[in-house]
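Colleague: Residue numbers (the working numbering), protein chains in the order written: chain A, 1 to 429; chain B, 1001 to 1078; chain C, 2001 to 2347.
Positions of the beta carbon are idealized from the N, C-alpha and C atoms, including for glycine.
#1: Taking a contact to mean a Cβ-Cβ separation below 8 Å, would you say residue 2001 of chain C touches residue 2045 of chain C in this structure?
#2: Could you tell me which chain A residues have their CB closer than 7 Å to the CB of residue 1942 of chain C, listed as they occur along the chain?
#3: Within the same chain, show all residues whose beta-carbon is closer than 6 Å to that of residue 64 of chain A, passing over the 5 residues directly before and after it, in chain order.
#4: In terms of residues, what are the limits of the alpha helix (DSSP H) holding residue 2307 of chain C?
#5: Which residue marks the beginning of the beta strand (DSSP E) containing residue 2151 of chain C, and which one marks its end?
#6: Between the stretch 2196-2221 of chain C and chain B, which residues of the former have CB atoms less than 9 Å from a CB of the latter, in chain order?
#7: In the DSSP assignment, what residue or residues form a beta bridge with residue 2116 of chain C?
#8: Tell me which residues share the same chain as residue 1061 of chain B and place their Cβ nearer than 7 Å to its Cβ, disregarding the 5 neighbours each side in the sequence.
#9: With 16 as the cutoff for other CB atoms within 10 Å, does residue 410 of chain A come out buried or exposed?
#10: Within 8 Å, do at least three Cβ pairs link the stretch 2141-2150 of chain C to the stretch 378-387 of chain A?
#11: By a C-beta neighbour count over all protein chains shown, 10 Å radius and 16 as the cutoff for buried, is residue 2270 of chain C buried or exposed?
#12: For the ligand HEM, I want to know if residue 2107 of chain C counts as a neighbour, meaning its beta carbon is within less than 7 Å of at least one of the ligand's heavy atoms.
#13: Could you please tell me which residues of the stretch 2294-2307 of chain C, in chain order, have their CB closer than 8 Å to any CB of chain D?
#14: Since residue 2 of chain A sits in a beta bridge, which residues does DSSP pair it with?
#15: DSSP state of residue 173 of chain A, grouped into three classes?
#16: By the criterion of Cβ-Cβ separation under 9 Å, what are the contact partners of residue 309 of chain A in chain C?
#17: Determine the direct distance from the alpha carbon of residue 2292 of chain C to that of residue 2184 of chain C, and round the result to whole angstroms.
#18: Quick one: Cα of residue 2097 of chain C to Cα of residue 317 of chain A, how far?
#19: Classify residue 127 of chain A as buried or exposed, calling it buried when 16 or more other Cβ atoms lie within 10 Å of its own Cβ.
#20: Should residue 182 of chain A and residue 225 of chain A be called a contact, given that it needs their Cβ atoms to be closer than 8 Å?
#21: Look at the alpha carbon of residue 2320 of chain C and the alpha carbon of residue 2026 of chain C, and state the distance between them as a whole number of angstroms.
#22: Let me know the secondary structure DSSP gives residue 1045 of chain B once reduced to three states.
#23: Starting from residue 101 of chain A, trace the beta strand (DSSP E) in both directions and tell me its first and last residue.
#24: Can you pull the chain C neighbours of residue 344 of chain A, defined as C-beta to C-beta under 7 Å?
#25: Can the beta-carbon of residue 72 of chain A be found closer than 8 Å to that of residue 235 of chain A?
#26: May I ask you to report which of helix, strand or coil DSSP gives residue 85 of chain A?
#27: Between residue 1069 of chain B and chain C, is the shortest Cβ-Cβ distance under 8 Å, so that the two count as touching?
#28: Give me, in chain order, the residues of the same chain whose beta-carbon lies closer than 6 Å to that of residue 395 of chain A; leave out the 5 immediate sequence neighbours on both sides.
#29: In the DSSP assignment, what are the bridge partners of residue 2198 of chain C?
#30: Would you decide whether residue 2285 of chain C is buried or exposed? Buried here means 16 or more other CB atoms lie within 10 Å of its CB.
#31: Can you give the Cα-Cα distance for residue 2071 of chain C and residue 2043 of chain C, rounded to whole angstroms?
#32: Check for me: the beta strand (DSSP E) holding residue 2328 of chain C runs from which residue to which?
#33: So with Cβ pairs under 8 Å, would you call residue 2339 of chain C a contact of chain B?
#34: Could you work out which residues of chain B lie near residue 2328 of chain C, taking near to mean beta carbons separated by less than 7 Å?
#35: Assuming the contact rule is C-beta atoms closer than 8 Å, residue 419 of chain A and residue 283 of chain A should be a hit. Round their C-beta distance to whole Å, please.
#36: Please tell me whether residue 1051 of chain B has its Cβ less than 8 Å away from any Cβ of chain C.
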């Protein structure tokens, strides 16, 4: 499976009467997008669209998802299969990317869990989305909508808007083309007979409301671990429905741009043979956890792998999924590297993980999510600032009267992503 | 938390879905629960059956509290 | 020039060996024994103004007394820095250094440094609170140890930023600190993977800890006569969450009255926990805190009595040290109330 990603570098975003890309400037037709979203879902009472750019004194809260606008220009299927496009297998042909732009969804809080994006100040250094040109959708559902549906309405609106905006890149000549290719296993091994075989075990959050992930439209809690070509997720085959403790929940943007996949491709064919991705879930019963980790270890063995990188999504009981995968894969004689964040307390003195094992001897830490950060007041707040008092990582009184917010890092969207998206790390002192 | 209760000499049974975490945090008497969002229930069951299930788990927990043990022990009810 | 007080045992204090281990604390002006190496390392930046010497047996057999005397002696000299040892692999000496260092730091508010071999029992006693320079296992490494201790002590006294354990040669204190690495996490993972594949040395960024264990409490003789309490980390609180317990990383626990409550319901209770889908617990809170069944069992005489109060906190993202603190506080209240057994439910 071979995919060309054509990156169109977006330098600025403006409102306009037509959605298009002109000389690297993304024009967005606000009214047309609002109308399309309202027309497609009667459960939406109101959609507002704002722009938030790097350096702006703008705070977005509570953030639910971030999505990169992409469009499929050749090859099978379309973006976000199972939601926006039919469930064709994606990941081949050519996809254009509006690099530097992002669709961010906010609106009334669904649970306790959504995050914060600050475009400047102390908080901006922790979230990758302070560096993107954000088209922010504030979505308010109709009264009395059950929470599961409320989450769905906002998720679909974000995907629809991203697909509409992505269309603007269809006929634009990309500034850069990157090619990613993964061969079927036998061909791949034939091509690199002497290289060790490596795969990526991709744990997907699947604990329930605001903790779900979708694969080709299927709720990941209902899957058995399975195999994927790495390029499939670049076309939006994996969609986020979660933002609990927003620091370590992968927004859809991150599934489209999974850095472990990118960096494994980087040395593919030189230091190892990167044969593909095993996706698995993080369910809420012990039997599910045992079954999924057994299945994952079985796939690892069957594919004849020498080493894997495993990352979790979230913390607490998903630590057990991570450790079970590590233990069972290690028992097959396969080498492992884990990526996780830590919950070591505000003073850094507590136990970092809920579950541990001695086989976990190669771990990358993407930071302690309990540390306190002070977010200065902003000139403009998109969404609902009072959510800071109840979101995970926030606490009663987190929002001061001057508009500043004191929260744990865990409240900041994508600050400790366990796919290693950022440079944050932690070490022992 | 469970460890501190036991350390204080209070026999404590931990009803917990993810038994490995319970073991890691040092619980001694462990009774597996149903699922994380509903450890002592199952929304798929009719109300009476669900309560009977809850009673079954609690009864096992009471048994655990009355059992002398030497090391971490899981009391299964399934 | 900074003032230093140094603590050593009877052996290094040149009083005598084991036969003099019961020597009570005494103080001498200026450096003694290893203090000379220390003074040399300090150069003209600091001066060892006094040396406190105490026999190892005396200290360990009269801890409180000895501490009082020693703290008094140190305080008199108004030092800017306190240094103890190095104790190398000497167990009782290490424990004395650890205990004195902690007390000086806490009670006198003076920066302290000691030195030990990693297996010295004094290490576990104070490594979280005190900087311990890692030394070899014998006094042959005195010069090296004194140099490192002096260097770190000066930094502490001057309130300079303290680097990593590798940079400063101290035994890791187990404190996790965030920093921005040169490479993103995914790249670091791939680099580590390649090293592991090639059999080259690599360093994990998160060493696996060891958990301590508690021996099981004795069983309840007869549960049908016992006072049983319910505790939950599943965040079940009265409707409206009156104490504002946080959905994650909870800063407190709640104590709530069950008097007259035969079962929980969606009208009376809810969950404050942010780590799971709250719909099921909100619909029927008994699914997390089984008050309905406990009342039934109480009525049937299967348990003696359900304790009037239940305790709740949110396990989600709550650091172990906090959970421990809550556990201790709850345990004390339950014991004082005569509770004989506890059912703890977690989500």
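Modeller: A quick look at the data gives this:
#1: Start at 1 with the first residue of the third chain, and residue 2001 of chain C comes out as number 1. Start at 1 with the first residue of the third chain, and residue 2045 of chain C comes out as number 45. Contact flag set, yes.
#2: Since the first residue shown for chain C is 2001 and the last is 2347, residue 1942 of chain C is missing from the structure and cannot be characterised.
#3: For the purposes of this step, residue 64 of chain A is taken as the residue at position 64 of the first chain. Closer than 6 Å at the Cβ level, and outside the excluded window around residue 64 of chain A, lie 105, 114, 154 and 243.
#4: The residue you call residue 2307 of chain C lines up with position 307 of the third chain. In this chain, residue 2307 of chain C is not harboured by any alpha helix (DSSP H), its DSSP state being neither H nor E.
#5: Residue mapping note: residue 2151 of chain C aligns to position 151 of the third chain, counting from 1. Residue 2151 of chain C -> not in any beta strand (DSSP E); alpha helix (DSSP H) instead, spanning 2142-2157.
#6: Here the close residues are 2211, 2212, 2213, 2214, 2215, 2216, 2217, 2218, 2219, 2220 and 2221.
#7: Here residue 2116 of chain C corresponds to residue number 116 of the third chain, with the count starting at 1. Beta-bridge pairing links residue 2116 of chain C to C/2134.
#8: Indexing the second chain from 1 puts residue 1061 of chain B at position 61. The residues are 1013, 1015 and 1031.
#9: Mapped onto the first chain, residue 410 of chain A falls at position 410. Residue 410 of chain A should be labelled buried.
#10: Short answer: they don't touch.
#11: Residue numbering aside, residue 2270 of chain C sits at position 270 when the third chain is read from its first letter. It is buried - the Cβ of residue 2270 of chain C has at least 16 other Cβ atoms within 10 Å.
#12: Among the ligands in the structure shown, none appear at all, so the ligand HEM cannot be discussed.
#13: Within the model displayed, chain D is absent; protein chains A, B and C are what it includes.
#14: The count along the first chain starts at 1 and reaches residue 2 of chain A at position 2. Answer is A/181, bridged to residue 2 of chain A.
#15: For this step, residue 173 of chain A is matched to residue 173 along the first chain. DSSP places residue 173 of chain A in coil when its eight states are reduced to three.
#16: The residue labelled residue 309 of chain A in the question sits at position 309 within the first chain. Residues of chain C passing the Cβ test: 2186, 2189, 2190, 2192 and 2193.
#17: For the purposes of this step, residue 2184 of chain C is identified with residue 184 of the third chain, where counting begins at 1. For the purposes of this step, residue 2292 of chain C is identified with residue 292 of the third chain, where counting begins at 1. Rounded to whole angstroms, residue 2184 of chain C and residue 2292 of chain C show a C-alpha spacing of 51 Å.
#18: In the third chain, the residue the question calls residue 2097 of chain C occupies position 97. In the first chain, the residue the question calls residue 317 of chain A occupies position 317. So the two alpha carbons sit approximately 40 Å from each other.
#19: The sequence position of residue 127 of chain A within the first chain is 127, counting from 1. Its Cβ being crowded by 16 or more others within 10 Å, residue 127 of chain A is buried.
#20: The residue you call residue 182 of chain A lines up with position 182 of the first chain. The residue you call residue 225 of chain A lines up with position 225 of the first chain. Cβ atoms of residue 182 of chain A and residue 225 of chain A: not closer than 8 Å.
#21: Looking up residue 2320 of chain C in the third chain gives position 320. Looking up residue 2026 of chain C in the third chain gives position 26. Residue 2320 of chain C and residue 2026 of chain C have their C-alpha atoms roughly 42 Å apart.
#22: Sequence index remark: in the second chain, residue 1045 of chain B carries index 45 (1-based). Correct three-state label for residue 1045 of chain B: coil.
#23: One-based indexing of the first chain puts residue 101 of chain A at position 101. Looking at the DSSP string, the run of the beta strand (DSSP E) that includes residue 101 of chain A is 101-106.
#24: Translated into positions along the first chain, residue 344 of chain A becomes position 344. For residue 344 of chain A, the residues of chain C that pass the 7 Å Cβ criterion are 2176 and 2319, in the order they occur in the chain.
#25: For the purposes of this step, residue 72 of chain A is taken as residue 72 along the first chain, with counting starting at 1. For the purposes of this step, residue 235 of chain A is taken as residue 235 along the first chain, with counting starting at 1. Yes.
#26: For this step, residue 85 of chain A is matched to residue 85 along the first chain. Looking at residue 85 of chain A - three-state DSSP - the assignment turns out to be strand.
#27: For the purposes of this step, residue 1069 of chain B is identified with residue 69 of the second chain, where counting begins at 1. Closer than 8 Å: yes.
#28: Counted from its first residue, the first chain places residue 395 of chain A at position 395. Closer than 6 Å at the Cβ level, and outside the excluded window around residue 395 of chain A, lies no residue.
#29: Walking along the third chain from the start, residue 2198 of chain C turns up at place 198. Residue 2198 of chain C pairs with nothing; no bridge assigned.
#30: Sequence index remark: in the third chain, residue 2285 of chain C carries index 285 (1-based). Burial state of residue 2285 of chain C is buried, judged by a 10 Å Cβ sphere holding 16 or more other Cβ atoms.
#31: In the third chain, counting from the first residue as 1, residue 2071 of chain C sits at position 71. In the third chain, counting from the first residue as 1, residue 2043 of chain C sits at position 43. Roughly 26 Å separates the two Cα atoms.
#32: Looking up residue 2328 of chain C in the third chain gives position 328. Not the beta strand (DSSP E): residue 2328 of chain C falls in the alpha helix (DSSP H), residues 2320-2336.
#33: Taking the first residue of the third chain as position 1, residue 2339 of chain C is located at position 339. Interface residue, yes.
#34: On the third chain, position 328 is the one that residue 2328 of chain C refers to. By Cβ distance, chain B contributes 1004.
#35: If you number the first chain from 1, residue 419 of chain A lands on position 419. If you number the first chain from 1, residue 283 of chain A lands on position 283. No, residue 419 of chain A and residue 283 of chain A are not in contact; Cβ-Cβ is about 20 Å, not under 8 Å.
#36: Position 51 of the second chain, counting from 1, holds the residue named residue 1051 of chain B. Answer yes: the Cβ-Cβ gap between residue 1051 of chain B and chain C drops below 8 Å somewhere.
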